[in-house]
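Following: one structure in structure tokens, then a few remarks.
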Amino acid sequence: MTSSPTGPAGTAGPASPVTLASSGLTAAEVLAVARHRARIELDPAAREQVAAVRDHIDALAAPGHAPVYGVSTGFGALADTAIPPSMRHALQRSLIRSHAAGAGPEVETEVVRALMLLRARTLASGRTGVRPVVVETILALLNAQITPIVHEYGSLGCSGDLAPLSHCAIVLMGEGRARDRDGVERPVPELLADAGIEPVLLEEKEGLALINGTDGMLGMLLMAIADLDDLVRTADLTTALSVQGLRGRDSVFRPELHAPLRPHPGQEASAANIFALLADSPIIADVAAEGSRVQDAYSLRCAPQVAGGVRDTIEHARTVAERELAAAIDNPVVLEDGTVTSNGNFHGAPVAYVLDFLAVVGADLASIAERRTDRMLDKSRSHGLPPFLADDPGVDSGFMIAQYTQAGLVSEMKRLAVPASVDSIPSSAMQEDHVSMGWHAARKLRTSVENLRRVLAIELLTAARAIDLRAPLAPSAASAAAIAVLRESVEGPGPDRFLAPDIAEAEARLLDGTVLAAVEEVAGRLR
């Protein structure tokens, strides 16, 4: 990952407080805490339920009771080793210290906050057997904006995101490494003291409960879905711009060609968006009047089929994410009848699969956008545009190398589309002999999402320039609104200039949502 530790939305404004109940959280609430640093409070009823279950665990941990896995035994390959009461605090400390074994670059703040919040969500479910103070301390860290330093490598996506969660849990103990609300690393005891937070002395079961979940990969899935929801609508916009820049036709986007003939919901939505964004375009009207071409290239004509497939894959991923949000994942888990039993719910396969699916469709959405961009730069296929959209072809290179950058991003996305979830490396003396690699699927998806935004930013720049070069013919009103936002900080056609800042500016306008907002003010909410 190349993102900064603060993450793409780490500086967003405050959000309304969120209450953590035993029933869990919504995706929007997770994003509010992770990205917008909303305060989080524990519901009193959830606290009571957590305390009641803990009383049951204390009874199982009492001297003389038969060994119970995770309560009075070792872990993993040492599950059959009974631990006497005098050594159980040491057992919990040793578990967290030894499992906080990550390496590599730091993970973004928003990911760590999602990781912590989602683990607190499971702890608050009353299925893990921790004391209320453990949940409350996690929430106190989130509210104080103390962020444990978590590393890129260490999770195999099975038995939970063990190493990343351990790097969070060790901070609860007053150890490890962390940053303050300004991103400055400071000694953990000092950070906790300044926030009035007491380090937690972990009791039986608590160490394992803090680290045995799919929280990291789930948090990254939720954020990727939110980003892709915006980017798939952005792709419809850049398609509409490119159709006009290339003097394409709007007839293939008519509603009667989609739902009635091929009833994929995503395709229907994408075609409807593009058709609306092209409404009343003088460029499109001029093309229709000319009547010189029967059909356009696939990258224009088949855009709804590709973007629609992306949408449908996002919807499947959303279903998986919502199911995972409703889960209480721990091992062992406390059932409603008080039974403490081992299980395999920590395995990340369901989440890992959809993380990989999203990387696949994201790469294809970027690929078709790059093909439209390349077409606008080729004088033999652009229907009257200058080579590379250059002001003085030969002297100027125009957008030639912007397309190189776009192609490089797409090529990287294709490599990132190779699934992580088909891999498995056995661990823990072959006790954990099949793992999901879901954390790795999530990490590469984050890079893929960032690259998709950059690819669409370059298409936005290119199509806007192509449309400007079609003057005096004008684009649709919605397209003009998008170009107007871009032109506030990026100049129109002219001699070559330093192009990297323009690309960065276009990317920033997609990230902050101002382009989509301007378009939807004219065309209505895109689907």
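Under my numbering, the sequence shown is numbered contiguously, ending at residue 528. Just so you know, even glycine gets a beta-carbon here, dropped at the ideal spot from N, CA and C.
Take the Cβ of residue i as the centre, count every other Cβ of all protein chains shown within 10 Å, and call the residue buried at 16 or more, exposed below.
i	result
P18	exposed
M414	buried
A443	buried
N344	exposed
V295	exposed
R543	Since the first residue shown for the chain is 2 and the last is 528, residue 543 is missing from the structure and cannot be characterised.
F499	exposed
P85	exposed
A518	exposed
M174	buried
Y354	buried
I468	buried
A403	buried
S160	buried
V520	buried
G8	In this predicted model, G8 has a pLDDT of only 41, less than 50, meaning its place in the structure is not dependable enough to derive any value.
L202	exposed
M88	exposed
T3	Any reading at T3 must be qualified, since the residue scores a pLDDT of 39, below 50, and its modelled position is unreliable; the value itself is stated next. With fewer than 16 other Cβ atoms within 10 Å, it is exposed.
A100	With the sequence shown as reference, residue 100 is identified as His, and Ala is not the correct amino acid for it. When all chains shown are included, H100 counts as buried.
D183	exposed
L262	exposed
S5	With a pLDDT of 38 at S5, under the threshold of 50, the modelled position of this residue cannot be trusted; read the value that follows with caution. Exposed: under 16 other Cβ atoms inside 10 Å.
L527	buried
S24	exposed
Taking a contact to mean a Cβ-Cβ separation below 9 Å, would you say residue i touches residue j in this structure?
i	j	result
T314	L356	no
D216	L119	yes
D251	L279	yes
G155	A115	no
E205	Q93	yes
P165	V108	yes
V396	P351	no
L511	D230	no
L446	A225	yes
A465	L301	no
S425	D497	no
S437	H348	yes
A121	V134	no
L61	V341	yes
I284	A475	yes
G409	D365	no
S381	L247	no
A28	R319	yes
G158	W440	yes
V523	A482	yes
L386	L470	yes
L326	L390	no
G105	H152	yes
Give me the residue from the options with the minimum Cα distance to residue i.
i	options	result
I41	L142, T74, F400, E49	L142
A52	D81, C303, S126	S126
N346	D162, I139, S87, A60	D162
D181	D379, L378, G105, T110	T110
G532	T406, H384, P388, R312	Residue 532 falls outside the range modelled here, since the chain spans only 2 to 528, and no answer is possible.
S449	D338, A367, A47, S428	A367
V277	G292, D183, S480	The identity of residue 277 in the sequence shown is Ala, whereas the question assumes Val. Of the candidates G292, D183, S480, the one whose C-alpha sits nearest the C-alpha of A277 is S480.
G71	A83, G249, L157	A83
V150	S95, G525, A179, T463	It should be noted that the sequence gives Ile, not Val, for residue 150. Of the listed residues, the one whose Cα sits closest to I150 is A179.
A260	A507, G385, D434, P305	P305
T138	P200, E323, D183, A194	P200
P420	S412, V361, P427, A478	V361
A286	L32, A509, S477, R48	S477
I484	T463, A501, D281	T463
S95	S293, E325, V411, E207	E207
E501	P427, A418, Y405, A289	It is worth fixing the name first, because residue 501 is Ala in this sequence and not Glu. Nearest C-alpha to A501: Y405.
Hey, does residue i have any beta-carbon neighbour from chain D nearer than 9 Å?
i	result
E199	The chain labelled as chain D is not found in the depicted structure, where only one protein chain is given.
Sorry if obvious, but does the Cβ on residue i come closer than 8 Å to a heavy atom of the ligand ZN?
i	result
I41	Among the components of this structure there are no ligands whatsoever, and the ligand ZN is therefore not found.
Should the segment 162-176 be regarded as contacting the segment 50-66, the criterion being three or more beta carbon pairs within less than 8 Å?
no
For the 8 Å Cβ check, are there 3 or more pairs between the segment 229-238 and the segment 451-465?
Contact between the segment 229-238 and the segment 451-465 is present: three or more C-beta pairs spanning the two stretches fall below 8 Å.
Please give me, in chain order, every unbroken run of the beta strand (DSSP E) with length at least 3 that falls completely inside the segment 307-368.
none
Any contact between the segment 333-340 and the segment 371-386? By contact I mean 3 or more CB pairs, one from each, below 8 Å.
no
Where are the beta strand (DSSP E) runs, 3 residues long or more, that stay fully inside the segment 113-156, in chain order?
152-154
Does the segment 128-144 come close enough to the segment 191-211 that 3 or more CB-CB pairs lie under 8 Å?
yes
Using 8 Å as the Cβ pair cut-off and three pairs as the minimum, do the segment 26-41 and the segment 143-151 touch?
Segments in contact, yes.
Can you list the alpha helix (DSSP H) stretches of 4 or more residues lying completely in the segment 252-294, in chain order?
266-278, 283-291
Beta strand (DSSP E) segments (min. 3 residues) lying fully within the segment 481-518:
none
Taking the runs of the alpha helix (DSSP H) that are 4 residues or longer, which of them lie wholly in the segment 194-225?
As summarised for the segment 194-225, the continuous alpha helix (DSSP H) elements at least 4 residues long and confined to that stretch are 207-212, given in chain order.
For a minimum of 4 consecutive residues, which ranges assigned as the alpha helix (DSSP H) are wholly contained in the segment 6-81?
28-37, 45-62
Quick one: which unbroken alpha helix (DSSP H) runs of 4-plus residues sit fully inside the segment 424-486? Chain order, please.
Positions of the alpha helix (DSSP H) runs, each at least 4 residues long and wholly inside the segment 424-486, are given as 439-469 in order along the chain.
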